[in-house]
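Encoded as structure tokens, the structure appears first; notes follow it.
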Amino acid sequence: MKTIVFIGSNKFGTSKEGLTIAKDMGYFVVLLTNRMLHKEFLEVDQIVYLENLVDEEHIKEEITNLIENGKQICACISFVDPYVSFAAKIAMYFGLAEISVEALNIMENKIKIREKLNNLPITPLYAVFQSDDCQEGFIKKNHIIFPFIIKLPISNGSKDVFYIDTLKRFENAVSILNRKLPNSPLLIEEYLPGAQYIVEVLVYKTMCSIVGVIEQEVAYDRKFIVTGYKFPALLDETVSKKLTESVSSIVEEIGLISGSCHLEMKLVQSQWKLIEVNPRMSGGAMNRILEEGTGINLVKEIIKLYLGEEPILKETRKQFVYARYVTVGSQGRLVKVLGYDQAWLHEGVKYVHIKPVKGDILSSPYSMGNRYACVVATSETAEQAKKNALVAAKEIKFFLIPL
Numbered sequence: 001m002k003t004i005v006f007i008g009s010n011k012f013g014t015s016k017e018g019l020t021i022a023k024d025m026g027y028f029v030v031l032l033t034n035r036m037l038h039k040e041f042l043e044v045d046q047i048v049y050l051e052n053l054v055d056e057e058h059i060k061e062e063i064t065n066l067i068e069n070g071k072q073i074c075a076c077i078s079f080v081d082p083y084v085s086f087a088a089k090i091a092m093y094f095g096l097a098e099i100s101v102e103a104l105n106i107m108e109n110k111i112k113i114r115e116k117l118n119n120l121p122i123t124p125l126y127a128v129f130q131s132d133d134c135q136e137g138f139i140k141k142n143h144i145i146f147p148f149i150i151k152l153p154i155s156n157g158s159k160d161v162f163y164i165d166t167l168k169r170f171e172n173a174v175s176i177l178n179r180k181l182p183n184s185p186l187l188i189e190e191y192l193p194g195a196q197y198i199v200e201v202l203v204y205k206t207m208c209s210i211v212g213v214i215e216q217e218v219a220y221d222r223k224f225i226v227t228g229y230k231f232p233a234l235l236d237e238t239v240s241k242k243l244t245e246s247v248s249s250i251v252e253e254i255g256l257i258s259g260s261c262h263l264e265m266k267l268v269q270s271q272w273k274l275i276e277v278n279p280r281m282s283g284g285a286m287n288r289i290l291e292e293g294t295g296i297n298l299v300k301e302i303i304k305l306y307l308g309e310e311p312i313l314k315e316t317r318k319q320f321v322y323a324r325y326v327t328v329g330s331q332g333r334l335v336k337v338l339g340y341d342q343a344w345l346h347e348g349v350k351y352v353h354i355k356p357v358k359g360d361i362l363s364s365p366y367s368m369g370n371r372y373a374c375v376v377a378t379s380e381t382a383e384q385a386k387k388n389a390l391v392a393a394k395e396i397k398f399f400l401i402p403l
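Here the sequence shown is numbered in the UniProt record's numbering, starting from 1 and rising by one per residue.
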């Protein structure tokens, strides 16, 4: 029986869609997970619970057991940090499609990727803060200018990213991050103002394709939280050409021959700067955004890549898409949610998702995980697509009991 093994999955978004799409493609779907969430994954044929999802020998043993029980392993894949390069490594061990393991591994570490791309003009000013450094001395020695950004080298989302504009906040951030990951070096980067974009990239046998460029709308209140996504990003020809050149140089320097990734880029005084690179496509509703806008199901094409097949990235439609994420303003226990059905009634709405269930604890946004609903809408113009999504999103209301 032709089988695809997935390492890790979230309850919502790209990784969850991967399970469903693999099933729709006719494969027996096996999920290796460290979460007791069996009811959340009805599309999975077999769930294997493992306490440690990077225990290489144990996972090899589990996959070998699958083979001995008649399963033909066709791919091993992960859409979840930090298992992407590990899944590719396991795939290589079993003689499956060759994915660029080393390139993916570099992308999983924010310090490694900065060092690898140090000579490219897309790299902002950065420095590495060691656990035994003195904050004030470090700033003087490295000529650091406020404001700047500090982050853990191995993390995703915004929960471990801090905007620093005073020495006191620097000291507080270092203390918080050291508690989370003791003795870890920390990445310091210059703060770059400007519009921010996601660039979805798929590379097949050195052929680099930009599948989509999406403009992000970022809210800042202690943390950077993306609340809106606009597709396609409206870039003039010169800026778009520079972006293509920048992406190609990054992919080549990293050594990504086959694999997928997404880049977070900022346009600063008409020059592109790399904020982050991640060895997987974006999570959340990104696959839905791209499919509504282009007809391309990127998750499916990535799965095909891991199966050793050539991805097909042909656009079958063109329309503007806007995704709006909903947050709450205070902490509390969820009593009920209203507006789901009403949101669907608005013009152009293609997707509505409510993340929490009754009894969950909600809070004002501290990370991207504190986005509790998503509405995706389309139209023939960018302005109308955004209007459609915003109007529909306003229908969704969370009722909380304060804690």
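Beta carbons are placed, not taken as given, at the ideal position from N, Cα and C, and that holds for glycine.
- Of all C-beta pairs linking the segment 380 to 389 to the segment 351 to 370, fewer than three are shorter than 8 Å, placing the two stretches out of contact.
- The DSSP-derived three-state label of H143 is coil.
- T3 is bridged by DSSP to F28 and I73.
- The three-state secondary structure of A173, taken from DSSP, is helix.
- Separation of the CB atoms of S282 and E98 is rounded to 24 Å, and the pair is thereby denied contact status at 8 Å.
- DSSP links Q46 through a beta bridge to V30.
- L125 is not bridged by DSSP to any residue.
- When the five nearest sequence neighbours on each side are left out, the beta carbons in the same chain lying within less than 7 Å of the beta carbon of R317 are those of T294 and G295, in order along the chain.
- Across the set M286, V299, E309 and L125, the C-alpha of M286 shows the shortest separation from the C-alpha of A377.
- Here E190 carries a strand assignment [DSSP, helix/strand/coil].
- Contact annotation: A219 and T227 have beta-carbon atoms nearer than 8 Å.
- Contact between the segment 316 to 330 and the segment 363 to 381 is present: 3 or more CB-CB pairs across the two stretches fall below 8 Å.
- By the neighbour-count criterion, in which a residue is buried when 16 or more other Cβ atoms sit within 10 angstroms of its Cβ, Q269 is exposed.
- Per DSSP, the unbroken beta strand (DSSP E) holding N278 starts and ends at Q271 to N278.
- Looking at K60, I154, P185 and T20, the one whose alpha-carbon comes closest to that of F41 is T20.
- Nearest Cα to E309 within the set A75, G18 and A87: A75.
- Here I113 is buried, its C-beta having at least 16 other C-beta atoms within 10 Å.
- I150 carries a strand assignment under DSSP once its states are collapsed to helix, strand and coil.
- If you look at F231, you'll find it in the beta strand (DSSP E) that goes F224 to F231.
- Just so you know, the alpha carbons of E102 and N109 end up roughly 11 Å apart.
- Fewer than three beta-carbon pairs drawn from the segment 321 to 341 and the segment 87 to 97 are found closer than 8 Å, and the two stretches are therefore not classed as touching.
- Distance from the CA of N65 to the CA of H58, rounded to the nearest whole angstrom, comes to 11 Å.
- Under the 10 Å beta carbon count, I254 is surrounded by 16 or more other beta carbons and is classified as buried.
- Nearest Cα to G339 within the set L362, K394 and I361: K394.
- Exclusion of the five residues before and after I302 leaves S260 as the residues of its chain whose Cβ lies within less than 6 Å of its Cβ.
- Look at V199 here: in three-state DSSP terms it is strand.
- Inter-residue distance for N178 and F170 is about 12 Å (C-alpha atoms, whole angstroms).
- Each residue's CA atom was taken as its position, placing E245 and L298 some 22 Å apart.
- With respect to the 8 Å criterion, I250 and L263 are classified as neighbours on the basis of their beta carbons.
- Per DSSP, L117 lies in no alpha helix (DSSP H) segment and is marked neither H nor E.
- DSSP places L104 in the uninterrupted alpha helix (DSSP H) bounded by V101 to M107.
- Under the 8 Å Cβ criterion, the segment 154 to 172 does not count as touching the segment 195 to 212, having fewer than three qualifying pairs.
- With 16 or more other CB atoms across the displayed protein chains lying within 10 angstroms of its CB, K273 is buried.
- Residue state for Q331 is assigned as coil, using DSSP reduced to three classes.
- Residue burial is scored here from C-beta neighbours: I139 has at least 16 other C-beta atoms within 10 angstroms and is therefore classed as buried.
- Here DSSP, grouped into helix, strand and coil, assigns Y163 to strand.
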